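Heads up, the thing below is written out as structure tokens.
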Amino acid sequence: MSMNLKHLILYAALAGTVMFPATMDSFDVLNIGAGGASAAFAQTVAGESGTIEGVFNNPATLGSLGGATAVLGSYNPYIEGMSLWSGAAAIRLPGLITLAVSGYGLMFDPIPGDIKFSGDTGRLMQSGDYVFGASAAFPLGSYGNLPFTLDLGITARYVMEMLDDVTISGVMADAGIILAFTNLAGNDMFSVGAYGRNLGIPLSQANEITLPMAVCAGVMYGAQVSPVFGYKALFDGTYYFNDTPKFNIGTEIGLFRTVMIRMGYMIGYDARGFTIGGGLNLGFSGMKVSFDYSLVPLGDLGMHHALQLTGMFGDVQVKIDPGKDLYEQGMAHENTKRYEEALATLAKITDGSAYYERARKSIEKLAVIVAARRAYGEGVGYAREGRLTDAVAAWSRVPQGSDVYEKAQKSIAKAKARIAEEAAAQAAPADMSDDDLYRNGIALAREKKLNEAIEMWSRVREGSEVYEKAQKAIERAKRMLAEE
6 MSMNLKHLIL
16 YAALAGTVMF
26 PATMDSFDVL
36 NIGAGGASAA
46 FAQTVAGESG
56 TIEGVFNNPA
66 TLGSLGGATA
76 VLGSYNPYIE
86 GMSLWSGAAA
96 IRLPGLITLA
106 VSGYGLMFDP
116 IPGDIKFSGD
126 TGRLMQSGDY
136 VFGASAAFPL
146 GSYGNLPFTL
156 DLGITARYVM
166 EMLDDVTISG
176 VMADAGIILA
186 FTNLAGNDMF
196 SVGAYGRNLG
206 IPLSQANEIT
216 LPMAVCAGVM
226 YGAQVSPVFG
236 YKALFDGTYY
246 FNDTPKFNIG
256 TEIGLFRTVM
266 IRMGYMIGYD
276 ARGFTIGGGL
286 NLGFSGMKVS
296 FDYSLVPLGD
306 LGMHHALQLT
316 GMFGDVQVKI
326 DPGKDLYEQG
336 MAHENTKRYE
346 EALATLAKIT
356 DGSAYYERAR
366 KSIEKLAVIV
376 AARRAYGEGV
386 GYAREGRLTD
396 AVAAWSRVPQ
406 GSDVYEKAQK
416 SIAKAKARIA
426 EEAAAQAAPA
436 DMSDDDLYRN
446 GIALAREKKL
456 NEAIEMWSRV
466 REGSEVYEKA
476 QKAIERAKRM
486 LAEE
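Heads up, our numbering is the position in the sequence shown plus 5, with the first residue counted as 1.
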């Protein structure tokens with residue numbers, strides 16, 4: 006068979022059977038379909054930290070991978086005649102590097118490669134699009150003990166489209182970065198990420214693959230509101246060179262950290278529209294297994310179903326770590342200013358928990374707050390008993406920078422003024438008449454010097470004409486002090 010006829014069959018098969026008229030379109034389908042979990046929230050993955058699905062998009066997500074090792078496998082039965090598969094494996098060396106390998110492909114049923122008479126179709130041609138990659142991610146934040154997460158990742162990919170003896174191939178590279186902040190308002194995370202895609206080098210001399218370069222940026226915010234309910238919201242924007250921008254919006258709701266409900270919307274794609282899905286996370290001793298499902302639009306191909314199984318091993322952050330629940334409870338107490346309860350809860354986290362170091366730092370901060378509040382409360386108690394010198398000593402223990410420091414300083418100033426006034430009152434002549442003592446007390450009360458007024462009235466001798474008045478004045482002054 007002539008070469009021209011073979012090429013004619015090739016182009017007819019691609020246009021008629023595959024229904025993707027260009028190489029780029031079929032690889033777009035690959036990119037949309039890869040990753041069963043992220044596909045459910047419309048592939049809004051540029052800013053998400055700690056997922057193995059970063060091998061298919063932003064490789065920086067691998068830098069904070071949850072498990073010491075992780076594996077992923079998914080299968081996507083599209084329509085009759087084609088299907089998509091993906092697989093990945095990663096290993097994390099804590100604080101150093103995460104290494105991963107991946108592969109995914111769009112496979113078509115074999116089609117006739119030769120045409121013969123008498124109904125014999127001859128040999129069948131294997132066809133499909135395939136991508137194989139190797140990734141490395143670096144937790145830069147761990148290198149410098151930074152108070153935030155900073156991850157950098159790169160992926161090298163071999164891209165190939167084959168049909169019979171015609172193979173189109175190329176080498177692509179992706180590079181990305183993610184910056185994440187945790188515990189901004191409790192047990193939450195805000196992250197922002199960006200990556201460049203398809204930095205390509207054609208390998209074959211003819212029919213070279215040159216997938217369009219693209220840049221993508223995204224943000225993610227998520228929070229575990231309680232042990233029962235958590236959520237995250239994501240947004241991505243992607244710009245393919247010489248093409249229109251594309252946008253992805255996604256959200257995930259988690260119940261009991263076990264049941265996940267996901268949805269999203271794809272804007273600007275040929276396969277635009279809503280995505281939905283769900284997942285089930287199961288924690289065992291030293292591992293976590295996730296089953297995920299997604300339903301994604303693929304334009305004229307209709308909706309496709311993705312099934313994915315993910316496993317993480319040596320994962321110190323799964324539910325079996327009791328420190329996770331204790332840490333979340335402690336943060337909830339702190340956010341509601343129940344500092345002593347927060348301190349007691351965090352103190353229960355033992356060494357060996359993934360949350361131990363974070364708990365230690367929170368305990369140090371809370372210990373200062375609790376000590377300051379106890380000292381301030383102790384001073385208030387002494388002041389109510391009239392033990393102003395003891396009150397000043399207690400308030401003086403409140404450290405500068407605490408939330409009650411300013412109140413303590415104002416209380417110290419007032420107490421010292423009262424002590425001075427009481428000393429002046431006690432220094433008054435001992436031979437003052439009862440009338441003078443009563444009148445001086447009235448004058449002090451008008452000046453709001455109630456403690457000094459009480460001291461003056463208490464010196465009025467029983468049996469004098471103003472004794473009853475002095476006693477009533479003392480009672481009124483004490484009530485006024487209590488109201489203060």
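A virtual CB, placed ideally from N, CA and C, is assigned to each residue, including glycine.
Keep in mind that this is a model prediction, so the values were computed, not measured.
Residue i classed as buried or exposed, judged by whether at least 16 other C-beta atoms fall within 10 angstroms
i, result
"Gly-409", "Note on identity: in this sequence residue 409 is Val, with Gly being the wrong assignment. With 16 or more Cβ atoms within 10 Å of its Cβ, Val-409 is classed as buried."
"Lys-251", "buried"
"Glu-333", "buried"
"Val-50", "buried"
"Leu-285", "exposed"
"Gln-229", "buried"
"Arg-484", "exposed"
"Ser-438", "exposed"
"Ala-255", "Reading the sequence as shown, one finds Gly at residue 255 and not Ala. When all chains shown are included, Gly-255 counts as buried."
"Pro-470", "Contrary to the premise, residue 470 reads as Glu rather than Pro in this sequence. With fewer than 16 Cβ atoms within 10 Å of its Cβ, Glu-470 is classed as exposed."
"Ala-428", "exposed"
"Asp-114", "exposed"
"Phe-143", "buried"
"Ala-211", "Per-residue confidence for Ala-211 stands at a pLDDT of 47, beneath the threshold of 50, marking its modelled position as unreliable; the derived number appears in the next sentence. Ala-211 is exposed by the Cβ-count criterion."
"Tyr-298", "buried"
"Leu-151", "exposed"
Range covered by the beta strand (DSSP E) that runs through residue i
i, result
"Ile-266", "264 to 272"
"Glu-467", "Taken as a continuous stretch (DSSP letters only), Glu-467 belongs to no beta strand (DSSP E), as it is neither H nor E."
"Asp-193", "193 to 202"
"Arg-97", "87 to 98"
"Ala-311", "308 to 318"
"Ser-54", "Looking at the DSSP string, Ser-54 is not in any beta strand (DSSP E), and its letter there is neither H nor E."
"Phe-296", "292 to 302"
Beta-carbon gap between residue i and residue j smaller than 8 Å
i, j, result
"Ala-75", "Leu-104", "no"
"Arg-464", "Leu-442", "yes"
"Gln-313", "Ser-79", "yes"
"Met-265", "Gly-288", "no"
"Ile-368", "Leu-331", "no"
"Gly-158", "Pro-64", "yes"
"Ala-199", "Gly-227", "no"
"Ile-459", "Ala-482", "yes"
"Ser-401", "Val-373", "no"
"Gly-71", "Met-317", "yes"
"Leu-89", "Gly-110", "yes"
"Asn-456", "Arg-423", "yes"
Coarse secondary structure for residue i, derived from DSSP in three states
i, result
"Ser-416", "helix"
"Ser-79", "strand"
"Ser-69", "helix"
"Ala-425", "helix"
"Arg-481", "helix"
"Ala-211", "Here Ala-211 scores only 47 on pLDDT, less than 50, and its place in the model should not be relied on; the value that follows carries that caveat. The answer is coil: DSSP assigns Ala-211 none of H, G, I, E or B."
"Met-218", "coil"
"Ala-59", "Looking at the sequence shown, residue 59 is not Ala but Gly. Here Gly-59 sits in helix by DSSP."
"Arg-392", "coil"
"Asn-247", "coil"
"Thr-350", "helix"
"Val-409", "coil"
"Met-437", "coil"
"Met-24", "Its pLDDT being 31, under 50, Met-24 is placed unreliably by the model, and the measurement read from it follows with that caveat. Met-24: coil per DSSP, three-state reduction."
"Leu-151", "coil"
"Lys-453", "coil"
"Pro-232", "coil"
"Phe-113", "strand"
"Ala-398", "helix"
Start-to-end residues for the alpha helix (DSSP H) that takes in residue i
i, result
"Gly-386", "361 to 389"
"Leu-285", "Premise fails: Leu-285 lies in the beta strand (DSSP E), 278 to 289, not in any alpha helix (DSSP H)."
Does the count of Cβ pairs from the stretch 53 to 63 and the stretch 276 to 296 closer than 8 Å reach three? no
Segment contact, 8 Å Cβ cut-off, at least three pairs: the stretch 160 to 167 with the stretch 187 to 198: no
Three or more beta-carbon pairs under 8 Å between the stretch 240 to 251 and the stretch 217 to 225, yes or no? yes
Determine, using beta-carbon pairs with one atom in the stretch 359 to 367 and one in the stretch 383 to 401, whether at least three such pairs fall under 8 Å. no
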